[in-house]
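Visitor: The structure that follows is given in the form of structure tokens.
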Ligand code: AMP
Ligand code: GLY
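Numbering (our numbering), first residue to last: 220 to 640.
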């Protein structure tokens, strides 16, 4: 099979490495890929949002199966366009990808189908939003831009002033463009967060290993929100009992709700959950594999990924018994100094002996090749994943490998997984 994977980050590197475990994956193209993916696939310089070029490439090169990994092309309809040209895809169509593309849609879906989530109000008008804030007596409150915002569209406002500033920046200044035309003002919840990536073909929903992301830039969950600074799997807070409750009250109801809306979801549905004192609540849905959750969830997956992806596309997921390896995985993200704000790129990366560490895989995110050498090219640079029998051992191995890698300005959190120990 000729397989094409759209995307350029650590998530895509993890997907490609896993697909390669199946000998049927004869040829893999990455559009556009990155400096590390180049060792595992043929990188093709086509951007993630350039759907016309993606379709043309797939048709001209006889691609048998396409995996659309990032949110942007999914929300823009890459799957619809590829399928219309006879290219079978893993990923939801545009109608279903709206579950991530519009927070207003997802909140209304949850309300309509009684799926547990934070209480909320939607505003299309700034004065009304500000008026509503005036009526609030307790903070924090959570302000969310409706559309995609590079993971930055959620602001936890600690007081009235911050809340009003957030609404103003989204609705008037349009810091997130059209994504801020509507905002959701939401109840602030507390509790451990859990990410659950689930495969679904619209008939069956199969959660993969649970995981925990670390979204803030600095140790102790301080600093700005990022795309994710590290992950562990499974998530120690997510007990079998909670998993059973989520299956019954969240996962199956969400799949059924999408079917009832005529928006059958096929692909990987990501449930961002908060385990509150009153039970699990959905914080967000994503229409795709999470990054960097994928870098710990897929290494733990025992069942063949390509087989499962084809089954999702063909509506045969119920035929498989999906199994995970025992043990734990930990991924530490190495980022550029300054991320998630300004940072410099183009620094050579020295891997030392890290690449030879047992049970360690280095997934590339923001790297490129320059005269055969790997150099930094983004905010998040590498995801260093280790597998072990226990979480403490996985963390130790991952940090030992991180310690051998260097580039100018490299920074990483020192406390990934600590909450789970
Ligand atoms: P998101 O960009 O939707 O993943 O949200 C970013 C982060 O904001 C989440 O991982 C949570 O930590 C936090 N968050 C979002 N919604 C709420 C909420 N209703 N209550 C508390 N924290 C929230
Ligand atoms: N790690 C969070 C996300 O992929 O959105």
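Ideal Cβ positions, reconstructed from N, Cα and C, are used throughout, including at glycine.
Might you give, ordered along the chain, the residues of its own chain that have their beta carbon closer than 6 Å to the beta carbon of residue 517, omitting 5 neighbours on each side?
Guide: So the list reads 233, 237, once near-sequence residues are dropped.
Visitor: At 3 residues or longer, what runs of the beta strand (DSSP E) sit wholly inside the segment 559-624?
Guide: For the segment 559-624, whole beta strand (DSSP E) runs of length 3 or above, ordered along the chain, are 579-583, 586-589, 592-595, 599-607.
Visitor: Work out the CA separation of residue 334 and residue 541 for me, nearest whole Å.
Guide: Going by the C-alpha atoms only, they are around 25 Å apart.
Visitor: So for residue 432, helix, strand or coil by DSSP?
Guide: Of the three classes helix, strand and coil, the one that applies to residue 432 here is strand, per DSSP.
Visitor: How far does the beta strand (DSSP E) with residue 284 in it extend, from its first residue to its last?
Guide: Counting along the chain, the beta strand (DSSP E) containing residue 284 begins and ends at 284-287.
Visitor: Over what stretch of residues does the alpha helix (DSSP H) that includes residue 392 continue unbroken?
Guide: No alpha helix (DSSP H) holds residue 392; DSSP gives it neither H nor E.
Visitor: Assuming residue 325 is part of the beta strand (DSSP E), what are its boundary residues?
Guide: Where residue 325 is concerned, there is no enclosing beta strand (DSSP E), although the alpha helix (DSSP H) it sits in stretches over 322-331.
Visitor: Quick check: the Cα distance between residue 597 and residue 331, rounded to an integer number of angstroms?
Guide: Those two C-alpha atoms are separated by around 40 Å.
Visitor: With contact counted as at least three CB pairs below 8 Å, one residue from each stretch, are the segment 441-459 and the segment 545-565 in contact?
Guide: Judged by Cβ distances under 8 Å, the segment 441-459 makes contact with the segment 545-565, as three or more pairs qualify.
Visitor: Is residue 448 helix, strand or coil by DSSP?
Guide: Correct three-state label for residue 448: coil.
Visitor: Within 10 Å of its beta-carbon, does residue 253 have 16 or more other beta-carbons around it, so buried, or fewer, so exposed?
Guide: Buried, because 16 or more other Cβ atoms sit within 10 Å of the Cβ of residue 253.
Visitor: For residue 239, collect the residues of the same chain with a Cβ closer than 7 Å to its Cβ; drop the 5 residues on either side in sequence, then sort them by chain order.
Guide: Cβ neighbours of residue 239 beyond the five flanking positions: 247, 259.
Visitor: Return helix, strand or coil for residue 482, following the three-state DSSP convention.
Guide: In this structure, residue 482 counts as coil in the three-state DSSP scheme.
Visitor: For residue 491, verify whether its CB is less than 7 Å away from any heavy atom of the ligand AMP.
Guide: Because some heavy atom of the ligand AMP lies under 7 Å away, the Cβ of residue 491 counts as near it: yes.
Visitor: My output table needs one value for residue 404: the three-state DSSP class, helix, strand or coil.
Guide: Three-state DSSP puts residue 404 in a strand.
Visitor: Would you mind working out which of 242, 547, 266, 508 sits nearest residue 250, comparing C-alpha positions?
Guide: Answer by Cα proximity: 266.
Visitor: Helix, strand or coil, according to DSSP, for residue 631 in the structure here?
Guide: Residue 631: coil per DSSP, three-state reduction.
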